[in-house]
Each structure stands twice: as C-alpha cells, then as structure tokens.
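Each position in the sequence shown, counted from 1, maps to that position plus 14 in the numbering used here.
Some notes on the structure that comes next.
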Amino acid sequence: MVENQMSARALEARLGEWRDGGSAYRALADRIRLLTLDGRIPTDSRLPAERDLSARLGVSRTTVTAAYRRLRDTGFLVSVRGSGSVARLPGVPVAHTGSAAGGILDFSKATMPAFAGLADAARAAVGDLPGQLGGSGFDPVGIPELRAAIADRYRARGLPTDPEQIMVTIGAQHAIALLARVLVGRGDRVLIEMPTYPHAYEALTAAGARLVPVTVSTAVPGEDAATAGWDETALLQTLRRSNPVLGYLMPDFHNPTGRTMPAEQRETVLSAAARQGTVLVVDETIAELDIDRAGEFLPFPAYAEPGRPGDVVAIGSVGKTVWGGLRVGWIRAERPLIRRLVAARSANDLGTPILEQLIVVRLLAEMPAILEGRRSELRVGRDHLERLLAARFPDWQVPHVDGGITAWVNLGLPVSSQLALAARNHGLLVPAGPRFGLDGAFERFLRIPFCYSTDEMDLAVDALGLAWDSLLRHPVPDTGYLADVV
Numbered sequence: 015m016v017e018n019q020m021s022a023r024a025l026e027a028r029l030g031e032w033r034d035g036g037s038a039y040r041a042l043a044d045r046i047r048l049l050t051l052d053g054r055i056p057t058d059s060r061l062p063a064e065r066d067l068s069a070r071l072g073v074s075r076t077t078v079t080a081a082y083r084r085l086r087d088t089g090f091l092v093s094v095r096g097s098g099s100v101a102r103l104p105g106v107p108v109a110h111t112g113s114a115a116g117g118i119l120d121f122s123k124a125t126m127p128a129f130a131g132l133a134d135a136a137r138a139a140v141g142d143l144p145g146q147l148g149g150s151g152f153d154p155v156g157i158p159e160l161r162a163a164i165a166d167r168y169r170a171r172g173l174p175t176d177p178e179q180i181m182v183t184i185g186a187q188h189a190i191a192l193l194a195r196v197l198v199g200r201g202d203r204v205l206i207e208m209p210t211y212p213h214a215y216e217a218l219t220a221a222g223a224r225l226v227p228v229t230v231s232t233a234v235p236g237e238d239a240a241t242a243g244w245d246e247t248a249l250l251q252t253l254r255r256s257n258p259v260l261g262y263l264m265p266d267f268h269n270p271t272g273r274t275m276p277a278e279q280r281e282t283v284l285s286a287a288a289r290q291g292t293v294l295v296v297d298e299t300i301a302e303l304d305i306d307r308a309g310e311f312l313p314f315p316a317y318a319e320p321g322r323p324g325d326v327v328a329i330g331s332v333g334k335t336v337w338g339g340l341r342v343g344w345i346r347a348e349r350p351l352i353r354r355l356v357a358a359r360s361a362n363d364l365g366t367p368i369l370e371q372l373i374v375v376r377l378l379a380e381m382p383a384i385l386e387g388r389r390s391e392l393r394v395g396r397d398h399l400e401r402l403l404a405a406r407f408p409d410w411q412v413p414h415v416d417g418g419i420t421a422w423v424n425l426g427l428p429v430s431s432q433l434a435l436a437a438r439n440h441g442l443l444v445p446a447g448p449r450f451g452l453d454g455a456f457e458r459f460l461r462i463p464f465c466y467s468t469d470e471m472d473l474a475v476d477a478l479g480l481a482w483d484s485l486l487r488h489p490v491p492d493t494g495y496l497a498d499v500v
C-alpha cells in the first residue's frame, strides 16, 4: 500500500545540491538512494512522475527516466500498477552496532554502550517482580515505585514534583509522539529547532503539525561563542507571529549541535510562550551528560515557581545515560495533562513493561555514580575526537561543547550527503547533515558522535578521510546499508 505521495517540489527540496559535476542521471539516482536509506524519502512513497520531476529540476525527461531505471535495477524503486514509481529498500535491513565487526561501523546512533552494572540490576529486579504479579500487568501510567523515584530526582534538583505529575513511557520517543497526538491538531503550528532530532519532527509531522523552524547555530572559531546558539530574535518573533500551540526544545546539550541555552534566555522564552499560550516541551534526555559544566542542571524557570504563567512539560529517559535498549522514559507535567495522556495512550499501546520499570527503579538509586562515570567517558571521547579531526581535517570547523554526545561539524562545503554516501563504501554509516533539517538544509554539516571508544573513533575518522579524499574524484555508488538516526 502506498502511504505517501511526494510532489516534484517536495522532492526537489530534499535533493538539495545533488549535481556533482558528473553524469546527471547517476548523481540524481545516488541522491534519491541516499534520501531513501536515511529516511528522508519514506519507503512506500510514490515519487513524482518523470515529466513532473524533469520540469521541476530543469533536466531532460531522459535524465529522470535513466535515474529511475538505475534505482529500479538496484532495488530502490518498483513500479506498482496504478501507483507509479514507489520507493523501496532492497533486501532486509541489517541491524548494525557501533562495532566494526564485519567491516561495518555504525555512527548513525549517538548512544553509549550499556552501563556496566545493568545486568546486575536486571537480575536484582527479577527478585522484585513477584510483588507486581497480582495485577494485570497493563500499566499505562507507571508503577508507583518508579514514579516516586523520578519525582524524587526532580525534587533533588529543586523542582517540586509529586508522583502524580509523572507518567512513565516506552522511552523518550514514545513520550514525544504521545504528546504530539494529544496537544497538536492537524494544521496547528509547532515551533521546532533547526537542526533538530529527526524522529521528533517526524512525530510532530505525523500528528499533523505545521513546523515553524528556529535556528540553533554553533560557535565559529575566531568568533565570540556567545553569538552562537538559539536565534533569540527569530524565536521570539516566531512565538508572537505564528502563535504555535507547542514548542519542542532541547535546551541542554542540544542534539546535534551540543549547545546549551543560557538561563536568561530561558526566562525570556518562557515569558514569550506564556503570553501566546504555547506549551513548551523540553527534552532533557541528554541534559545530565555534562562534561565541563560540573553537574549544573539549568531548569526552565517555570519548574521552580509553581503557579507561574506558562506551561512547561519535561521529557526524560534512561536511553542515553544507561542504555538505549532499556526502553523506559517519562513525562513530567501537571496532573490534568497526565490524565489526558493516560486516556489517549491505549490507542497505541497498553503500558510500559513492568520488569523494565523495576530495573530502572534500582538504577535511579545509583544514578549519581552512573553519571559520573559517563561524564568521564564522554570527556575522553570528546577530546579524542577533537584531536583526530583537527589533525586530519584542519579546514573543518569543530565546535567545542561542554557536554552531550555529538559534534556538529562544519565541512566548509555543501557536500554532506555526498560524503555520507562515500563513507558507506568505506565501512562507515554516518547520517548526512540534511537528516537533521527540513527541505535539504545543512549540507555543510555532519553529526559525529564522540560516545564510542577511541579505537572506533580512530576507524571512523580514517573512513571519513578516505571518503573525503575520493569525494571529488569520481561518482560514488552506494553499498545499500541502512542507517537510522538516534
């Protein structure tokens, strides 16, 4: 079944600067292939008719016909009676880890390996399970023990929180999607940062949102770092003129730029959002992974002052701090919204697994020590990656970040998609910059995580070097590996 019809205009926006100076049909086919691999063209989407696309791109219909034929030959396009040309992924996608085993190194996922004590916590949690077996096991809001433990952590930060203000979810992505379904109606405007976490804007778009982007920039060497970050003028104008129902923000160690929003700017944003009635959804999944900030956690001011105008909803999880395979997250909100979320949840799922919740109860008691170890690992990884990139790519701009797990690197040339495609052929999966934007933006940027081992980062930078050296010399065929962004 074809779920999406992609217009020629929409495809042109995603293609960006696709011409590479070589064969036009090969370049067009390679770019459509990359867009399909990294999800910017969803599978089962119907691509525009050859005549429409050729007119839009200003190329001959023969060029588009040849590009589509090349995609069909490689399994990325099929012809469906009555549906035209439909995007496909050839074969069965292979699940890759960060390991270089089998010659594939997956840097598309910015996530740390599992906390060393996770297995012990899981075994201990099994002993807690009998106390939960008297119920149905369907838990749409979260077991009391975990909600209380999460509320305790907010109170320790100076943010008054009751367990009734907590809802446990199946990870942070589930929380984003559930909030989008409940708070966003079709056609509603939603403020979102650009670049941003791709699965967040996908969830918001799926809920029918009309996204209104606001730029988050990185510091440029030689310039005042204070000029980087959120474009405050544009942000305030967007709130005032667009009147969005919701704003999705990552104010601490923003993914992918690593920037942190200053406390004064948070005050300004909150006040502006309150005047417009905009709900701010604050994603804190990476907020505790500081390196140089000495554990300081900058809350949005609405938290610390109950009754203050403005509605701030927080999202958290253990996916980045403990392990991505432990699918437990949470939402902190006022009680009426929690009730709405619980009522809406059953349409898609019936609750978070009980055993995983029991594991997280035990882990939260150890979280200060877990975070201290993670910060040390990330400090080593960040410093190592910065040294590697400075030595191998002196012309690339690599901003220094105080925390988080990724570097948002300016390549100096609009070739991110071509570099990502070339890197695949040297055994490295890395998402192109436009994966984090809308309409083909960020071709000058590449997100490189520093949460892997130093050996893995050595291999990744070596692969990038080979890909960079070959990039302008000849067209790059694609090996067909699938990478999803986390």
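Note that the Cβ used here is the ideal one computed from N, Cα and C, for glycine as well.
### Message
Spatial neighbours of S93 within its chain, please: C-beta separation below 8 Å, excluding the five flanking residues on both sides.
### Response
R86, S99 and V100
### Query
So, S484 versus E457, is the Cβ gap smaller than 8 Å?
no
#### Entry: Inter-residue spacing [alpha-carbon to alpha-carbon] between G291 and L452
26 Å
### Residue environment, P323, which counts as buried when at least 16 other CB atoms sit within 10 Å
Annotation note: pLDDT 47 at P323 (below 50); position unreliable, coordinate value reported separately. Here P323 is exposed. Its C-beta has fewer than 16 other C-beta atoms within 10 Å.
### Message
For S68 and R102, what's the separation of their Cα atoms in angstroms?
### Response
21 Å
### Message
Contact between the segment 172 to 190 and the segment 344 to 352 is defined here as three or more beta-carbon pairs at a separation below 8 Å; is this criterion met?
### Response
yes
### Message
For a minimum of 3 consecutive residues, which ranges assigned as the beta strand (DSSP E) are wholly contained in the segment 130 to 181?
### Response
none
### Message
DSSP three-state label for P463, please.
### Response
Strand, per DSSP.
### Task
State the Cα-Cα distance for the pair R54 and A130, rounded to the nearest angstrom.
35 Å
### Task
Note down the Cα distance separating D44 from A434, rounded to an integer number of angstroms.
11 Å
### Query
Considering I206, what are the terminal residues of the beta strand (DSSP E) in which it resides?
R203 to M208
### Message
Tell me whether H398, by its Cβ, gets closer than 7 Å to a heavy atom of the ligand NAD.
### Response
Although the ligand NAD was asked about, the structure shown includes no ligands whatsoever.
### Query
Buried or exposed: R254, going by 16 or more other Cβ atoms within 10 Å of its Cβ?
exposed
### Query
By DSSP, does R224 sit in helix, in strand, or in coil?
Three-state DSSP puts R224 in a strand.
### Query
What span of residues does the alpha helix (DSSP H) with R346 cover, start to end?
No alpha helix (DSSP H) holds R346; the beta strand (DSSP E) holding it covers G343 to R346.
### N-terminal and C-terminal residue of the beta strand (DSSP E) that Y39 is part of
Counting along the chain, Y39 falls outside any beta strand (DSSP E), though it belongs to the alpha helix (DSSP H) covering A38 to L51.
### Message
Quick check: the Cα distance between A287 and L294, rounded to an integer number of angstroms?
### Response
7 Å
### Task
Measure the alpha-carbon distance for T219 versus N18 and round it to whole angstroms.
13 Å
### Message
According to DSSP, simplified to helix, strand and coil, what is V92?
### Response
strand
#### Entry: Closest by C-alpha distance to V259, when choosing among G330, A221 and F121
Distances from the CA of V259 to each of G330, A221 and F121 were compared; the closest alpha carbon is that of A221.
### Task
Please work out which residues of its chain come closer than 8 Å, Cβ to Cβ, to D472, disregarding the five sequence neighbours upstream and downstream, and give them in chain order.
Answer for D472: L402, listed in chain order.
### Query
CB-CB under 6 Å to M126, same chain, minus the five flanking residues each way: which ones, in chain order?
C465.
#### Entry: For R40 and L303, the rounded distance between their alpha carbons
42 Å
### Query
Per DSSP, which one or two residues make a beta bridge with N424?
Q411 and F459
### Task
Give a yes or no on whether 8 Å exceeds the smallest Cβ distance from R458 to chain C.
Absent from the structure is chain C; it holds one protein chain and no more.
### Task
Ignore the nearest five residues each way along the sequence and tell me which others in F407's own chain have a CB closer than 6 Å to its CB.
none
#### Entry: Status (buried if at least 16 other CB within 10 Å, exposed otherwise) for L364
exposed
### Query
What are the boundary residues of the alpha helix (DSSP H) that includes I384?
M381 to R406
### Task
Answer yes if the segment 325 to 340 comes into contact with the segment 153 to 162, meaning at least three C-beta pairs across the two stretches below 8 Å, and no otherwise.
no
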